[in-house]
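Notes follow the structure.
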Amino acid sequence: MLKLPRLYPILDTACFSKEEDLYQFAHEVVAGGATILQYRNKSGNARVMLEHAQQLKRICGNSVRLIMNDRADLCLAADFAGCHVGQDDLSPESVRRIIGKDLMLGVSTHNPEQLEIADRSPADYVAIGPVFQTASKENPDPVVGLDGIRRARELTQNPLVAIGGITRMNCREVIAAGADSIAVIGDLVREPKKSVQEFLSLLG
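Per this note's numbering: the sequence shown = residues 983 to 1186.
In structure tokens form, the structure reads like this:
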């Protein structure tokens, strides 16, 4: 079974006004000790996304597993380690056919029903959220809270990633509720290297 690191940083291009800031974030996250990084771009075209992805690959090398959000085709084109899809994207079955059996595949879920479906899919891990209020989505799904993580833990033996409003202040209780890994966006942006180091120290 796949083993995920405790910290799962997400590089969301919506958090950066300039490309160089996006790349600097990646440099610092890696320098801080992160071993996985998801690239998320909800507004870019395929050409821009591929350029970003190829540059991230150069920055991270082979020491970090790079995950492409949504786009299975760009995951392959950029030689990423895996793909992560949401409820409105291609199905996990379709993505698995595109990326093959060896690359990592994750699926976002927002309630027990979605999680049970994802658990039966070819996904290697499932994500549940938002755990807390989040500013990273314009129309977020209802907050699941710590009880949502506990329920999700009961429903799956797959690696479980918690996402949504997770910070250094609340990350330990999220892990205690049953998450194997925490996905973080906002609480890494200001001081990426220092923030990653502090998360890793807190999570043990």
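Note that beta-carbon positions come from the ideal geometry of N, C-alpha and C, so glycine has one too.
Since we're looking at a predicted model, the values are computed, not measured.
Through-space distance from Ala1059 to Ala1028, alpha-carbon basis: 11 Å
Exposure label - Val1124; buried when at least 16 CB within 10 Å: For the record, residue 1124 in the displayed sequence is Pro; it is not Val. Pro1124 comes out exposed.
Spatial distance of Val1089 from Gln1139 (CA atoms): 14 Å
Close-in-space but distant-in-sequence residues of the same chain around Asn1023 (CB under 6 Å, 5 per side omitted): Thr995 and Met1031
Burial state of Leu1085, where buried means 16 or more other Cβ atoms lie within 10 Å: buried
Check whether Gly1014 and Val1178 have beta carbons under 7 Å apart: yes
Cβ-based neighbour list, Ala1008, same chain, cut-off 7 Å, excluding 5 preceding and 5 following: Leu993, Leu1019, Leu1038, Ile1041 and Cys1042
Buried or exposed (CB count within 10 angstroms, at least 16 for buried), Met983: exposed
Span of the beta strand (DSSP E) around Met1086: Met1086 to Thr1091
Cys997 at chain C interface by Cβ criterion, 7 Å: This model lacks chain C altogether, as it is built from one protein chain only.
Endpoints, beta strand (DSSP E) assigned at Cys1065: Gly1064 to Val1067
Ile1148 vs Ile1164 beta-carbon contact at 7 Å: yes
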